[in-house]
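In full-length UniProt numbering, the protein residues as written are 1 to 470.
Each residue gets a CB set at the ideal place from its N, CA and C atoms; glycine is no exception.
These notes concern the structure reproduced below.
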C-alpha cells in the first residue's frame with residue numbers, strides 16, 4: 001500500500017490531474033498493479049492497453065480515449081516512441097524501463113512521500129475505460145464506473161466464495177477485464193494471495209498449480225484446450241484447486257469432458273462481456289454444474305432472451321441475450337450513438353444468441369453475426385465446432401460462412417490438427433453426428449487460428465481471407 005501511495009504522489013508531481021485519462025501499457029507485474037491503484041488514488045481514469053499493440057493500434061486507443069499520459073514498460077517502449085508523432089493529446093510519458101525515459105522514470109515515482117489525501121470520486125465517475133477486442137469493428141472504450149467495480153467485486157467474491165487463504169494464479173493479461181476483477185480486485189478485497197505470470201506456458205502453469213497449491217485458476221477456452229493436449233497433464237496434483245474457471249468464450253463440451261476424465265477437475269464456466277464490467281452468469285462453485293451451460297444469472301442481474309422485435313421467448317427457445325443491473329457500463333467513451341444502440345431502456349443487448357432451460361441456466365448458442373444461413377436453414381457454427389472438437393485429432397477449429405451463389409452462404413471449417421487428417425475423413429465424421437445441411441462443405445487445414453491477446457478466436461480475419469480469395 002505504501003508504494004501505491006508513493007507512486008500516487010509521484011504521478012501528481014508528474015502532472016497527472018483528476019479526471020484525466022491515463023493509459024497503462026504494461027505486462028503482468030507489480031509495477032502494473034501499483035500504477036493502476038495509484039492512478040485511481042489521485043482521481044485519474046485508467047485506460048488499460050495491450051502491451052503487444054503495434055503503432056497503429058496504440059495510436060488509435062490513445063487518441064480515441066484522449067489520453068493525457070501513458071505509463072509503459074520495455075515491451076511497448078519502441079512502439080510508444082514510434083507513435084508519439086501521431087498522438088493528439090498525450091504529453092506525459094512515464095517509462096519503467098527501455099527507451100523513451102526523457103520525461104519521468106517509473107522508479108522515481110516511489111521516491112516521493114506517500115500521498116495523505118486520496119482524491120474523492122463519486123460512484124458514477126469513470127474508474128477505467130476498457131477497450132473491447134474489436135470483434136465487431138473498431139474497438140470501443142467501455143466506461144466502467146467506481147460503482148460498477150465495487151458492485152462486481154462484491155458479486156464475484158460472493159459467487160466464487162473468495163477467502164483470504166485463496167492462492168490465485170493470474171495468467172490472463174491484466175489489461176483484460178476478467179484478469180482485473182478475478183486477479184486484482186477480488187483477491188485484494190479478501191486479502192488473498194496472487195501469483196503473477198507473464199506468459200501462458202501450459203506445462204509451467206500445471207507445475208505451478210501443484211507447487212504453490214493454487215486454489216483459483218481463471219483462463220479462457222484456448223488455455224484449457226492446450227492443457228488437454230499437454231503430454232504432462234496427468235503428471236501433476238490438482239487437489240488444491242477450488243475453482244478451475246473459464247470465461248471469454250464458450251468452452252467446447254469435449255474439452256470439459258477430457259479435463260474431467262484426465263485429472264478429475266470440474267471446469268466452472270461463466271459468461272460476461274466488457275460492457276457488463278465482466279460477469280453476467282456463472283455456474284455455482286459448489287453444487288451441480290450443467291455441462292454446456294454458463295450457469296444462471298448472478299444475483300442482482302436480470303436476464304432475458306428476446307426476439308428481434310424484443311419479445312420474450314419461451315424457455316428452451318433461442319433468442320438474443322439481454323441483461324441489466326449494476327454491472328452495466330456507463331457507455332462507450334465519446335460514442336453516444338453506439339451507446340444508445342447497445343443500451344436500450346437500461347437493457348444491454350449483447351449480440352449473443354442463447355436460451356435458458358427450465359432451471360434458468362443459460363446456454364450460449366453463438367454470436368448473432370456468426371450465424372450462417374445456408375439454403376434457408378439457420379446454422380450455428382458452435383454446434384459444428386463442438387462436433388469437430390470431439391474428433392481426437394482436432395486441436396482447434398473455427399466455422400464461418402462464405403458467400404455462395406446457390407445457397408446464399410456455404411459452411412467453411414478452419415481446422416488445426418494434431419496428426420495428418422484427410423478432408424473426407426473429417427467430412428464423414430461430421431455427417432455421422434449432425435444433419436447434412438450443417439456439415440461443412442469446405443475444410444481448410446491451417447497451423448494456427450487468429451486470436452486476441454487473451455486467446456479468443458477471431459473469425460473476422462478468416463472472413464477477410466475468403467473475401468480476398470473470391
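Can you check DSSP and say which residues form a bridge with residue i?
i           : result
residue 143 : 129, 331
residue 105 : 95
residue 25  : 72
residue 378 : 373
residue 367 : 352
residue 281 : 271, 297
residue 362 : 356
Quick one: Cα of residue i to Cα of residue j, how far?
i           : j           : result
residue 131 : residue 413 : 29 Å
residue 432 : residue 424 : 12 Å
residue 330 : residue 251 : 29 Å
residue 1   : residue 15  : 22 Å
residue 58  : residue 80  : 8 Å
residue 3   : residue 30  : 10 Å
residue 92  : residue 274 : 27 Å
residue 388 : residue 397 : 7 Å
residue 371 : residue 440 : 14 Å
residue 422 : residue 384 : 18 Å
residue 380 : residue 361 : 19 Å
residue 305 : residue 179 : 28 Å
residue 83  : residue 453 : 20 Å
residue 103 : residue 60  : The pLDDT assigned to residue 103 is 45, lower than 50, so where the model puts this residue is not dependable; a value taken from the coordinates is nonetheless given after this. Distance between the alpha carbons of residue 103 and residue 60 is about 22 Å.
residue 181 : residue 392 : 35 Å
residue 438 : residue 406 : 16 Å
residue 455 : residue 221 : 8 Å
residue 7   : residue 107 : 9 Å
residue 75  : residue 95  : 10 Å
residue 342 : residue 420 : 44 Å
Run through DSSP, which three-state label would residue i get?
i           : result
residue 415 : strand
residue 123 : coil
residue 221 : helix
residue 3   : helix
residue 342 : helix
residue 246 : strand
residue 112 : coil
residue 74  : coil
residue 45  : strand
residue 211 : helix
residue 274 : helix
residue 373 : strand
residue 351 : strand
residue 255 : helix
residue 59  : helix
residue 469 : Here residue 469 scores only 44 on pLDDT, less than 50, and its place in the model is too uncertain to base an answer on.
residue 195 : strand
residue 32  : helix
residue 461 : helix
residue 216 : strand
Would you please state the rounded distance, in angstroms, between the beta carbons of residue i and residue j? I believe it to be under 8 Å.
i           : j           : result
residue 322 : residue 354 : In fact, because the Cβ distance is near 10 Å, the residues do not count as touching under 8 Å.
residue 293 : residue 363 : 5 Å
residue 263 : residue 232 : So it is not a contact: roughly 11 Å between Cβ atoms.
residue 280 : residue 296 : With a Cβ gap of about 10 Å, residue 280 and residue 296 do not count as contacting.
residue 39  : residue 22  : 5 Å
residue 185 : residue 326 : Actually they do not touch by this definition, with Cβ atoms about 15 Å apart.
residue 283 : residue 268 : 5 Å
residue 70  : residue 52  : Not quite, the Cβ-Cβ distance comes to about 15 Å (not below 8 Å), so this is no contact.
residue 113 : residue 9   : 6 Å
residue 190 : residue 164 : 6 Å
residue 169 : residue 197 : 7 Å
residue 313 : residue 328 : Not really, about 22 Å apart at Cβ, beyond 8 Å.
Verify the CB distance criterion: does residue i have a CB-CB separation below 8 Å to chain B?
i          : result
residue 15 : Structure shown: chain B not included; a single protein chain is present.
Entirely enclosed alpha helix (DSSP H) segments - the UniProt domain "AMP-binding enzyme C-terminal" (383–456), minimum 4 residues
As far as the UniProt domain "AMP-binding enzyme C-terminal" (383–456) is concerned, its whole alpha helix (DSSP H) runs of at least 4 residues are 423–433.
Which runs of the beta strand (DSSP E) spanning at least 3 residues fall entirely within the region 293–339, listed in chain order?
302–306, 319–324
Length-filtered (3 minimum) beta strand (DSSP E) runs lying within the region 141–176
141–145, 167–170
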